[in-house]
Amino acid sequence: MFRATMKSLLARKLRLLLSGLAVVLGVMFVSGAFVLTDTLGRSFDAVFSDAYSEVDVNVAAKPKVALSEVEGEQVAAPVPASVVDRVKAVPGVTDVRGVVAADGARLIGSNGKVVTSFGPPQLGENWLGESELLKLREGRAPQADDEIVVNVALAEAAKVKVGDRVGVLTLAPKKEFTLVGVFGYSGGRDSVGGVNEVAFTTPVAQQLMLGKPDVFSNVTAQAAGGTTPEALRDEVARALGADYEVKTGKQLADDASASLKEGLSFFNKILLGFAAVALLVGTFLILNTFSIIVAQRTRELALMRAIGASGRQVIGSVVLEAVAVGLIASVLGLAAGIGVGALLAYLFGKLAGGLTLAGLGVPPAAVIGAFAVGLVITVVAALLPALRASRIPPIAAMQDVATPDRPLTKVTVGGSVVTAIGAGLLFLGLGGHAGDNTLATILGGVLFAFIGVALLTPLISRPVVALLGTIFAWSVPGKLGRLNSGRNPRRTAITAAALMVGIALVTGVTVILDSAKGSISALAEDTIKAELVISGAQAGPRPASFDPAVLEKAAAIPGVQLVDGEYGDMATMNGERTWVAASSNVAALERIFGAKANAGDISRLNPDQMLLSSDTAKSRNLSVGSTVTVQLSRGEARTYTVSGIYESSQLTNPVVLPPQAATDFAIPQPIQGFVQLAPGTSVASVQPQVERLLADSPEVSVADRAAFIKQQTSQLDTPLRMIQILLALAIVIAVLGIINTLALSVLERTRELGLLRAIGLRRAQTMRMITVEAVVISIFGALLGVVVGTGLGAAVVRALKDEGITDLVLPWSQMVTFLVLAAIIGVVAAVLPAIRAARINVLGAIAHD
Amino acid sequence: MTATVGRQAQAAARASDVWKVYGSGEAQVIALRGVSAEFERGRFTAIMGPSGSGKSTLMHCLAGLDSVTRGTVMIGDTTVTGLGDAGLTKLRRDKVGFIFQQFNLLPTLTAQENILLPLSIAGRKPDPAWYDTVIDTVGLRERLGHRPAQLSGGQQQRVACARALVSRPEVIFADEPTGNLDSRSGAEVLNFLRNSVREHGQTIVMVTHDPTAAAYADRVVFLADGQIVSELIEPTADTVLDTMKKLDAPAEVGS
Ligand SMILES: Nc1ncnc2c1ncn2[C@@H]1O[C@H](COP(=O)(O)OP(=O)(O)OP(=O)(O)O)[C@@H](O)[C@H]1O
Ligand SMILES: [Mg+2]
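In order, the protein sequence lines correspond to chains A and B. Take 916 as the starting number for the first sequence in the working numbering and just add one per residue. Take 5 as the starting number for the second sequence in the working numbering and just add one per residue.
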């Protein structure tokens, strides 16, 4: 039995290869994700253990507001200069240094634009001299207050050279410096893991990066001979008390590396999500391939049964085949995954500014994941066909007739039930009834909905395919092709369903994001009463900001009625983290953003008062007169009294603090500015004047309201584009499915095709017949996908009504594009099978058994 | 062992009042109407009759490939009627062999692998002496490594016969085994079947249309319209032809 299975497997290697390809792709993403995270993880480890190799013990203060990697850059609390002396007093230390190193030193390049970074911080530091690790490559150390040195990679990116006057943005607005030197790291590295560094003299660094004199970001020390770093750490900790975090260099390296890896795990999840989609589509494909193969082997399997094989042996033989396919696909997928992981790691390293990659690693998780996923998916997909195979009666070996079409009642009932379960889960998840399991419930709902609809497709396929087919029915090959695509509704349905999944996901996501965009712009358009807006595109984790002096100068421009600068920070409010805003002109809340007062007075704010949105007030159980303790990124905690509550909307912040609070924000500069003009003032006359004011704030620009809204909503375009690219893969796999189904059908109909050719069907006509079949199937799949995707998208949009997505925007042009794309996909998929069909040897086909 | 038991044990397959009805209502076809027959051990029986008379149906019912509507079927001392899938599978492994009109060999396996397939499915080792005997009787020793596509129709059918014989079933059922062969290859196959009955005591039940083929059997049973209507012992081609003519005549009148 085993041998018979293996032999028949080898005889069908081509078709199994096609179906296995889907598994290969899925496995590739799974193992690629693991290889990538492993390789980058070890590269980070190496970078940091190197960077901290000259630090035995590090002293830092606890951050005022602890943030996770995704919430933004955490601001370390400053360490007073006196700590340096206290550490020096500890026995066994040498080389104690006060270090300034904080994110947010933005160098303006020779083109007048700020050098941006995607991810790695832009550190502003005090110059601590050369070391084993760090060497000046050119020039000298900064000595005067207007001198800086930068690392080589940054100087190259900014296209500046030693001797140039360069602008730097810090906590303070733009300041000019002379670049007196550039430095690099041992081993010829131009940066450490892509970090951009600007080094000032110590007092300048303290003022510009930490906001006050005589403080440091942290204090480092070396252990004198005979003392271990751990022992020294304990000594220093005892000397300083509980206010400080004292760690060894090794701990620090581990922490830094761990926080970057947290960011990486997000990347990992995206790749795994990708793999899940590929595998879902792949499951359909394998199911179909095995179904067709079982149908074609009916006679052979019946014979096996007639000569004594048990039902279980037949199942075993099909499953064995699946195991073989799964194994081969897993091996190929693993190999491809290692390749993809290496490639992505390489690209990532380049993007991160020359991260030196550790050797390529294949963690056990990649291997185990590859085989588990590849094998399990293939075998699960083959189970249904295997079960069907075991039900083939032995008598089928004696009859020449094909088994009659089974009624669709069972699948239809099953499909309805599964669809209903999916809809129920979606309802629960989207309605917010699933508690902590919301995401899982929604994903489960989508999965069930897909499977349910896939089960219903055979029933739907009859009328729809008949209708679609009539378009092509004007020619004989067209008519034959239409009949062929309708003759096995299950096969047509599963093939189409594979395409449906990809297209439904793309359509659904597009519906949701377009609706979000539409709703936000409609709201902004209706409420924001500012003719000009100052803002900048955010590159990396840090939002663009500008000089607050611009606000006052803009207010002085004739015709300007009201100017508001908006500041923002992650803070803790009564111990809980929240986003807080500060407004340079509180009146703007009503006059520009159209906020309505619910309680108290929201038109002004004393330095010890705060305003809350109605949602915040409700969830925190606060009312006018309540006192609230707020800890901002810098400075000490302060108590504010709630003086007003405004109605929540999409455009309002949860908390508004007085402008004085902004000095303690992580970014103490406005990130957006709104300019309201007096009635009758021309926008075109004011805009250039504001533009001139922004000459020293190169991160931002001024735009009219429409342009601003467009720019804001276009932030959603990037994730949309990414998701579309990712899901295109699912569509590619579905195309493989169509090719596979057609190729198998052609093989199955060899005799029939030969007969058609014998009675005069031309080669071109044969090819046309196959093409029509493919196009009908793929348009059917796309149609299903568009409908299902719109349904899913609309359901999500409805559920998000309370979140402010009020308009359902249907991307009609995209939908039409998908259908046209589907037709093209059909034609492309038909090429190979059609050529094969046209090449059929007429005589051989008729004699074919 | 009493005489009665001994006689009963002589029947390799037996049908008692077997009815087979296909479909229902308008489309109802009664393929068998109360057929009772015994097929003795160690004998070669042919089933003949006009097309549509129910020959294949009777054979499928006897072999447990199809269920009967009424009546019972026995193979050896096993009651086939009412057996579940596991019982039927065991029956097919141990007691029944098949030879088909279309040979039904697996194209991917060699002749030898095809012959040994029933044994490997059942997880058994062939008896080497018996295997040699079978191979020699079918005369395929030089062709064992060939695929079905490399064999002539007659050779393929002899492979199929060897496949049926190699597990020494209680009874071999053959549905028109020579239907696809020319007269010379047909004669080879029939000779070979008759030898396996004469020399090795094999029981064979064969459906055929061909009076010459039927003449190789020890006994011919005639079916018409789902009933056994006649029987010949030690037939010759002429006596079979005569009986067929007699059967056709009233059938023509009746219809
Ligand atoms: N699966 C079936 N469903 C309905 N009717 C059937 C089925 N199989 C056979 N029949 C009918 O039963 C009757 C007997 O058929 P059977 O195949 O046994 O005839 P036969 O004697 O073998 O004929 P032939 O010599 O042509 O092979 C016929 O009328 C046939 O139409
Ligand atoms: Mg017949």
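The beta-carbon is built from N, C-alpha and C at its ideal position, and this holds for glycine as well.
In whole angstroms, give me the CA-to-CA distance for Gly46 (chain B) and Gly205 (chain B).
Whole-angstrom Cα-Cα distance: 4 angstroms.
For Met63 (chain B), count neighbouring C-beta atoms within 10 Å of its own C-beta (all shown protein chains included) and say buried if the count is 16 or more, exposed if not.
Buried, by the Cβ-count rule.
By the criterion of Cβ-Cβ separation under 7 angstroms, what are the contact partners of Pro122 (chain B) in chain A?
The answer, in chain order, is Ile1222 and Gly1223.
Neighbourhood of ligand 2 [Cβ distance below 6 angstroms to any heavy atom], ordered by chain position
This criterion selects B:Lys59 and B:Ser60.
Residue from A:Ala1381, A:Ala1408, A:Asp1105 and A:Arg1406 whose Cα sits closest to the Cα of Leu1395 (chain A)
Of the listed residues, the one whose Cα sits closest to Leu1395 (chain A) is A:Ala1381.
State the DSSP-derived secondary structure class of Pro122 (chain B), mapped to helix, strand or coil.
Under the three-state reduction of DSSP output, Pro122 (chain B) falls in the helix class.
Decide if Trp1042 (chain A) is buried, meaning its Cβ has at least 16 other Cβ atoms within 10 Å, or exposed.
Classification of Trp1042 (chain A): buried, given that the 10 Å Cβ count is 16 or more.
Taking 8 angstroms as the cut-off, does the region 1068-1075 of chain A touch the region 1023-1038 of chain A (at least 3 CB pairs, one atom from each stretch)?
Counting C-beta pairs with one atom in each stretch, the region 1023-1038 of chain A and the region 1068-1075 of chain A have three or more that are closer than 8 angstroms, which means they touch.
With contact counted as at least three CB pairs below 8 angstroms, one residue from each stretch, are the region 218-230 of chain B and the region 30-42 of chain B in contact?
Contact annotation: the region 218-230 of chain B touches the region 30-42 of chain B, with at least three C-beta pairs closer than 8 angstroms.
Check whether the Cβ of Gln1228 (chain A) lies closer than 8 angstroms to any Cβ atom in chain B.
Yes, Gln1228 (chain A) counts as interfacial toward chain B.
Interface partners of Ile1207 (chain A) on chain B, CB under 8 angstroms
The premise fails here: Ile1207 (chain A) is roughly 18 angstroms from chain B at the closest Cβ pair, so nothing lies under 8 angstroms.
To the nearest angstrom, report how far apart Leu951 (chain A) and Leu1247 (chain A) are at their CA atoms.
If you draw a straight line from the Cα of Leu951 (chain A) to the Cα of Leu1247 (chain A), it comes to about 17 angstroms.
Could you check where the beta strand (DSSP E) with Tyr220 (chain B) kicks off and where it finishes?
Secondary structure note for Tyr220 (chain B): it is in no beta strand (DSSP E), with a DSSP letter that is neither H nor E.
Would DSSP call Pro1378 (chain A) helix, strand or coil?
Residue state, collapsed to three classes: helix.
Which of the three DSSP states, helix, strand or coil, is assigned to Arg37 (chain B)?
If DSSP states are grouped into helix, strand and coil, Arg37 (chain B) belongs with the strands.
N-terminal and C-terminal residue of the beta strand (DSSP E) that Arg172 (chain B) is part of
Where Arg172 (chain B) is concerned, there is no enclosing beta strand (DSSP E), given that its DSSP letter is neither H nor E.
For Ser71 (chain B), is the beta carbon positioned less than 7 angstroms from some heavy atom of ligand 1?
Answer for Ser71 (chain B): no, Cβ out of range of ligand 1.
Residue burial classification, Gly27 (chain B) (beta-carbon count within 10 angstroms, cutoff 16):
So Gly27 (chain B) counts as exposed.
State the DSSP-derived secondary structure class of Pro239 (chain B), mapped to helix, strand or coil.
Here Pro239 (chain B) sits in coil by DSSP.
Would you mind working out which of A:Asp1079, A:Asp1462 and A:Ala1577 sits nearest Pro1522 (chain A), comparing C-alpha positions?
The shortest C-alpha separation from Pro1522 (chain A) is found at A:Ala1577.
Cα-Cα separation between Asp1516 (chain A) and Ala1004 (chain A), rounded to whole angstroms:
Rounded to whole angstroms, Asp1516 (chain A) and Ala1004 (chain A) show a C-alpha spacing of 55 angstroms.
Ile1063 (chain A), buried or exposed, once every other Cβ within 10 Å from all chains shown has been counted against 16
Its Cβ being crowded by 16 or more others within 10 Å, Ile1063 (chain A) is buried.
Pick from A:Glu1481, A:Arg1214 and A:Ala1237 that is closest to Val1294 (chain A), judged by C-alpha positions
Nearest of A:Glu1481, A:Arg1214 and A:Ala1237 to Val1294 (chain A), Cα basis: A:Ala1237.
Relative to the C-alpha of Thr1665 (chain A), which residue among A:Gln1584, A:Ala1749, A:Lys1444 and A:Pro1585 is closest?
Closest by alpha carbon: A:Ala1749.
Same chain only: Cβ atoms within 6 angstroms of Leu1736 (chain A), ignoring 5 sequence neighbours per side:
Once the five neighbours on either side are set aside, Leu1736 (chain A) has no close Cβ partner at all.
Classify Asn195 (chain B): buried if its beta carbon has 16 or more other beta carbons within 10 angstroms, exposed otherwise.
Classification of Asn195 (chain B): exposed, given that the 10 Å Cβ count is below 16.
How many Å lie between Ala1317 (chain A) and Ala1221 (chain A) at the Cα?
Unreliable positioning characterises Ala1317 (chain A) in this predicted model, as indicated by a pLDDT of 47, which lies under 50. A coordinate reading is not provided.
Using beta carbons (cut-off 8 angstroms, strictly below), is Ala90 (chain B) in contact with chain A?
It does; some Cβ of chain A falls within 8 angstroms.
Taking the alpha carbon of Ala126 (chain B) as the reference point, which residue from A:Asn1536, A:Ala1752, A:Thr1353 and A:Met1219 has its own alpha carbon closest?
The shortest C-alpha separation from Ala126 (chain B) is found at A:Met1219.
Within chain A, partners of Asp131 (chain B) - CB distance below 8 angstroms:
Per Cβ cutoff of 8 angstroms: no residues; Asp131 (chain B) is ~16 angstroms from chain A at best.
Going by DSSP in three states, Asp1018 (chain A) sits in which element: helix, strand or coil?
Three-state DSSP puts Asp1018 (chain A) in a strand.
If you count every other CB in all the chains shown that lies within 10 Å of the CB of Pro3 (chain B), and 16 or more means buried, which is it?
Residue numbering for chain B in the displayed model covers 5 to 259; residue 3 (chain B) lies beyond these limits and cannot be assessed.
If you follow the beta strand (DSSP E) that Ile1560 (chain A) is part of, which residue opens it and which one closes it?
Arg1553 to Tyr1561 is the span of the beta strand (DSSP E), which, as asked, contains Ile1560 (chain A).
Whose CA, out of A:Gly1559, A:Trp1494 and A:Leu1609, lies closest to the CA of Pro1569 (chain A)?
Checked all of A:Gly1559, A:Trp1494 and A:Leu1609; the closest Cα to Pro1569 (chain A) is A:Trp1494.
Reference Leu1734 (chain A), options A:Ala1114, A:Phe1363 and A:Leu1383, closest by Cα
Closest by alpha carbon: A:Leu1383.
Short CB-CB distance (under 8 angstroms) between Gln1663 (chain A) and chain B:
Looking at the sequence provided, one finds Glu at residue 1663 (chain A) rather than Gln. By this cut-off, Glu1663 (chain A) is not an interface position.
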